[in-house]
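Colleague: For the first sequence, counting from 1, position 261 maps to 268 in our numbering; every step adds exactly one. Where a beta carbon is used, it is the ideal one built from N, C-alpha and C, also for glycine. Before I ask anything, here is the structure I am working with.
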Amino acid sequence: MTHRKTLVVVTGPTGSGKTDLAIELAERLGSEIISADSRQMYREIPIGTAAPTPEQLNRVRHHFVGNLSLDDYYSAACFEEEVLALLPHLWKQSDYAIMCGGSMMYIDAVCNGIDQLPTVSDSNRLAALEVYTTGGLDAVKERLAKLDPMYLSTAPDLNNHKRLVHALEISMEAGVPYSSLLTGRHAQRPFNIVKLALNPLREILFDRINRRVDIMIEQGLEDEAQSVYNLRHLNSLNTVGYKELFAMFDGSMDRDTAIARIGKNTRVYAKKQLTWLKRDNRVVYITGLDDALRAIGLTDF
RNA sequence: GGUUCCUUGGCCGAGUGGUUAGGUACCGGUCUGCAAAACCGUUUACAGCAGUUCGAAUCUGCUAGGAACCU
8 MTHRKTLVVV TGPTGSGKTD LAIELAERLG SEIISADSRQ MYREIPIGTA APTPEQLNRV
68 RHHFVGNLSL DDYYSAACFE EEVLALLPHL WKQSDYAIMC GGSMMYIDAV CNGIDQLPTV
128 SDSNRLAALE VYTTGGLDAV KERLAKLDPM YLSTAPDLNN HKRLVHALEI SMEAGVPYSS
188 LLTGRHAQRP FNIVKLALNP LREILFDRIN RRVDIMIEQG LEDEAQSVYN LRHLNSLNTV
248 GYKELFAMFD GSMDRDTAIA RIGKNTRVYA KKQLTWLKRD NRVVYITGLD DALRAIGLTD
308 F
């Protein structure tokens, strides 16, 4: 079945040129851009997240850029809900909406859906976390053995405390095992999805990343990091570019090392993104605008 | 020129005769709720040469490179 309305996803590793391509594409198709970047959403940190510039934002309307504060709670599920609510509005002016970003889990949430889970109350959240902080991983496993043994036997990485604590807090909140709430099914969306990805040669990508770090420093990344230093405990600042500079402010890392590690950690992040993309067989790899238009099915240009 | 000390994998670093230290990077992977997160796997050694020994990164000698002090 084919729908007229299409969501064009432009993704790829950080530094691959997604932003520029998405803007060109949006101008060509007369559409707006949905940013799928979990960090560009925070208005306090545009430099280190390579958020679209004011000029770029002026050329094409963007959604989900600078729309959150660092201490706001957010998740892939929130993103799915908000994007699904927004899409019909975007399709009033164009048959195409463009989603651009590198937060793969956010993109998956929109394209494939995410199971409905109860919102965890603060008390359960703290209780689950306390099991971990006081008793460690083993204590969490012990509790899960009672509340959700199925999850324990099927979870792919039992050393990942974040996932186990999450399974525990959901099980506590729902009163039923977390695993029983997971359907494993992909949602069928009532619109077309074309998933495009940029994938430059690693040598070129790494070179661009290295240069971008220098540019960020020139643009004042250190001041930006300094201005949010007092919020460094927030998860939203557990982010490449900030955690390294915070270590420098703490005095536990010198400046050269901090800057070098920003580059290194950005390269690592890019590789994780590529690993994620590899198993998605819907992805069409492209190199530029012409490729993209062809993949969308627009060859008459 | 003399004396003493040092040389371990891309980098850091433990190990004074007998199971692959470890960390980090690189490379690869996992992924349904803060995901730029969290987690997992593999690979790369003992400066060189010759000896002692059943067995040497560990002992001896020589060579190369380096450090400190002395003249």
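Report buried or exposed for Pro156, applying the criterion of at least 16 other Cβ atoms within 10 angstroms of its Cβ.
Modeller: With fewer than 16 other Cβ atoms within 10 Å, it is exposed.
Colleague: If we call anything under 7 Å between Cβ atoms a contact, is Asn206 one with Gly19?
Modeller: It is a contact, given that the beta carbons lie within the stated cut-off.
Colleague: Between the beta-carbon of Leu212 and the beta-carbon of Gly22, is there less than 7 Å?
Modeller: Yes; because the gap between Cβ atoms is below 7 Å, this pair is in contact.
Colleague: Tell me whether Met112 is buried or exposed, calling it buried when 16 or more other Cβ atoms sit within 10 Å of its Cβ.
Modeller: It is exposed - the Cβ of Met112 has fewer than 16 other Cβ atoms within 10 Å.
Colleague: Any chance the region 164 to 184 sits against the region 124 to 143, with 3 or more Cβ pairs inside 8 Å?
Modeller: Verdict: yes, contact present.
Colleague: Grab the span of the alpha helix (DSSP H) containing Leu64 for me, first residue to last.
Modeller: Pro61 to Arg66 is the extent of the alpha helix (DSSP H) around Leu64.
Colleague: Would you kindly report the start and end of the unbroken alpha helix (DSSP H) that includes Tyr236?
Modeller: Neither: Tyr236 is in no alpha helix (DSSP H) and is coded neither H nor E.
Colleague: Check Val247 in the structure and name its three-state DSSP category.
Modeller: Coil.
Colleague: In terms of residue numbering, what span does the alpha helix (DSSP H) encompassing Met112 cover?
Modeller: Met111 to Asn119 is the extent of the alpha helix (DSSP H) around Met112.
Colleague: Under the assumption that Glu87 contacts Ile121 (Cβ atoms under 8 Å), give the Cβ distance between them as a whole number of angstroms.
Modeller: Indeed, because the Cβ distance is near 6 Å, the residues count as touching under 8 Å.
Colleague: Along the beta strand (DSSP E) that carries Thr15, what are the first and last residues, could you check?
Modeller: A small correction: the amino acid at residue 15 is Val; Thr does not occupy that position in the sequence shown. Residues Thr13 to Thr18.
Colleague: Would Val325 pass as a contact of Leu165 if the rule is Cβ separation under 7 Å?
Modeller: Residue 325 lies beyond the residue range present for the chain, which begins at 8 and ends at 308; the question has no answer from this structure.
Colleague: Could you tell me whether the region 27 to 47 touches the region 279 to 299, using the rule of 3 or more Cβ pairs below 8 Å?
Modeller: These segments touch.
Colleague: Using only alpha-carbon positions, find the residue among Asn167, Asp78, His193 and Gln63 that is nearest to His240.
Modeller: When only C-alpha atoms are compared, the closest one is Asp78.
Colleague: Would the beta-carbon of Leu252 fall within 7 Å of that of Ala267?
Modeller: The answer is no: Cβ separation not under 7 Å.
Colleague: Would you call the CB atoms of Ser42 and Val16 closer than 7 Å?
Modeller: No.
Colleague: Going along the chain, which residues of its own chain have a beta-carbon closer than 7 Å to the beta-carbon of Ala152, five neighbours each way excluded?
Modeller: Leu159.
Colleague: Between which two residues does the alpha helix (DSSP H) containing Lys54 stretch?
Modeller: According to the sequence as given, residue 54 is Ile; it is not Lys. First-last for Ile54: undefined, no H or E at that position.
Colleague: In angstroms with no decimal places, state the Cα-to-Cα distance between Ser76 and Arg50.
Modeller: The straight-line gap from Cα to Cα measures roughly 6 Å.
Colleague: Please check the pair Arg289 and Lys169, which I expect to be a contact at CB under 8 Å, by giving their CB distance rounded to whole angstroms.
Modeller: Going by Cβ atoms, the distance from Arg289 to Lys169 rounds to 27 Å, so no, they are not a contact pair.
Colleague: Which whole-angstrom value describes the C-beta separation of Ala116 and Ala92, a residue pair presumed to lie in contact below a C-beta threshold of 8 Å?
Modeller: Contact flag wrong, Cβ pair sits at about 13 Å.
Colleague: Can you look up Leu32 in the DSSP assignment and give me helix, strand or coil?
Modeller: Of the three classes helix, strand and coil, the one that applies to Leu32 here is helix, per DSSP.
Colleague: Can you tell me whether Leu208 is buried or exposed, with buried defined as 16 or more other CB within 10 angstroms of its CB?
Modeller: By the 10 Å Cβ count, Leu208 comes out exposed.
Colleague: Excluding the five sequence neighbours on either side, which residues of its own chain have a C-beta within less than 6 Å of the C-beta of Phe1, listed in chain order?
Modeller: Past the edges of the chain, shown from 8 to 308, lies residue 1, and the structure says nothing about it.
Colleague: DSSP on Ser186, reduced to helix/strand/coil?
Modeller: Correct three-state label for Ser186: helix.
Colleague: Would you list the one or two residues that DSSP bridges to Ser42?
Modeller: DSSP output for Ser42 lists Cys107 as bridge partner(s).
Colleague: Can you give me the Cβ contacts of Thr190 inside the same chain, cut-off strictly under 6 Å, excluding the 5 residues immediately before and after it?
Modeller: Only Asp122 meet the Cβ criterion.
Colleague: Rounded to the nearest angstrom, what separates Ala135 and Gln280 at their Cα positions?
Modeller: About 30 Å.
Colleague: What are the boundary residues of the beta strand (DSSP E) that Ala174 is part of?
Modeller: Note, Ala174: premise wrong, no beta strand (DSSP E); alpha helix (DSSP H) at His168 to Ala181.
Colleague: Per the DSSP calculation, Lys202 is bridged to which residue(s)?
Modeller: Answer is Val16 and Val290, bridged to Lys202.
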